[in-house]
Amino acid sequence: MNKIQLIIALVVAAFSLLSYFGSSSVNPITGEKQHIGGMSQKDEVAMGLQSAPQMAAQMGGLTQDARARQLVAAVGAKVVAQSVAAKSGYPFKFHTLADPRTVNAFALPGGQVFITMALLSRLETEGQLAGVLGHEVGHVLARHSAERIAKDQLTQGLTGAFAMGAGSMDAAQVARVVGQMTMLSYGRDDELEADALGLRLMAEAGYDPRALIKVMQILERASGGSRQPEFASSHPSPANRVQKINEALARAFPNGIPAGLTP
Ligand SMILES: [Zn+2]
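Numbering (my numbering), first residue to last: 398 to 660.
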């Protein structure tokens with residue numbers, strides 16, 4: 398590296414640090430202060446919409462099973478329509494991937510949610526599906542992807558590109574960044590936060606939040622391979638998550654879970 402390159406690198410790094418730490422916002426849903434590197438809700442939505450078709454293609458494409466697609470779209474819409482997610486401003490869309498082997502679900506920033514046929518076919522009730530989708534909607538509402546991307550961009554000294562808006566990157570770059578992010582698991586706290594939000598969304602949509610506990614048991618049975626996809630992330634393990642889910646349920650429903658919810 399010569400002197401000029403070094404100066405440029407320092408300027409870029411300083412700019413990245415400033416962008417990251419200089420901008421923070423309070424998430425209206427979680428009430429937490431976040432560093433999202435100047436990424437707006439609009440940037441997140443644009444990034445998600447731009448990456449969704451490539452993400453689907455990369456992962457083997459959407460299923461041709463019309464009934465499965467309709468079920469996922471309908472339950473997803475219900476989870477969103479009845480809850481705080483409807484007021485969030487994110488245009489949620491629920492996609493079903495054909496993949497019959499990888500047990501997974503994930504969300505892109507801005508509201509594009511995916512579930513594989515491998516996971517869908519293991520679920521036994523609509524409530525369990527609502528639990529999976531609610532968890533992913535929780536990640537979107539808590540802006541976990543935006544946080545991750547902001548952090549990654551900081552590390553790479555590229556925050557400037559995002560500060561100028563997602564539009565300044567070409568589609569392939571955006572898909573690559575989003576793809577890398579999605580393939581990694583979130584941190585333990587993010588998972589637990591998404592679980593807690595998911596429980597709330599499920600109940601607001603009329604689903605019994607205890608169905609999410611059954612999902613954890615299904616995931617535990619399905620794991621055992623070396624892959625750690627987003628939803629089946631081992632941080633924390635499904636067993637730990639069950640305990641945390643029970644704690645979150647006790648907090649959210651101090652008088653017990655209302656009767657008559659869909660399992
Ligand atoms: Zn998750």
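Ideal placement from N, C-alpha and C gives every residue a C-beta, glycine not left out.
Inclusion of D587 and L609 in the CB contact set at 9 Å is not warranted, their separation being larger than that value. For I610, the enclosing alpha helix (DSSP H) begins and ends at 608-619. Placement of the Cβ of D586 at a distance of 8 Å or more from every heavy atom of ligand 1 is found. Put simply, of G524, T522, Q451 the residue whose alpha carbon is nearest the alpha carbon of H492 is Q451. By the neighbour-count criterion, in which a residue is buried when 16 or more other Cβ atoms sit within 10 angstroms of its Cβ, V639 is buried.
For A474 and K490, the gap between their C-alpha atoms comes out near 8 Å. Between ligand 1 and E617, a heavy atom-to-CB distance of less than 8 Å is absent. For the pair of segments examined, the stretch 494-505 was found not to touch the stretch 598-606: the number of CB pairs separated by less than 8 Å stays below three. For S448, the three-state secondary structure derived from DSSP is helix. The secondary-structure analysis by DSSP pairs H492 across a beta bridge with F511. In this structure, ligand 1 has a non-hydrogen atom nearer than 8 Å to the beta-carbon of E533. The three-state secondary structure of A502, taken from DSSP, is strand.
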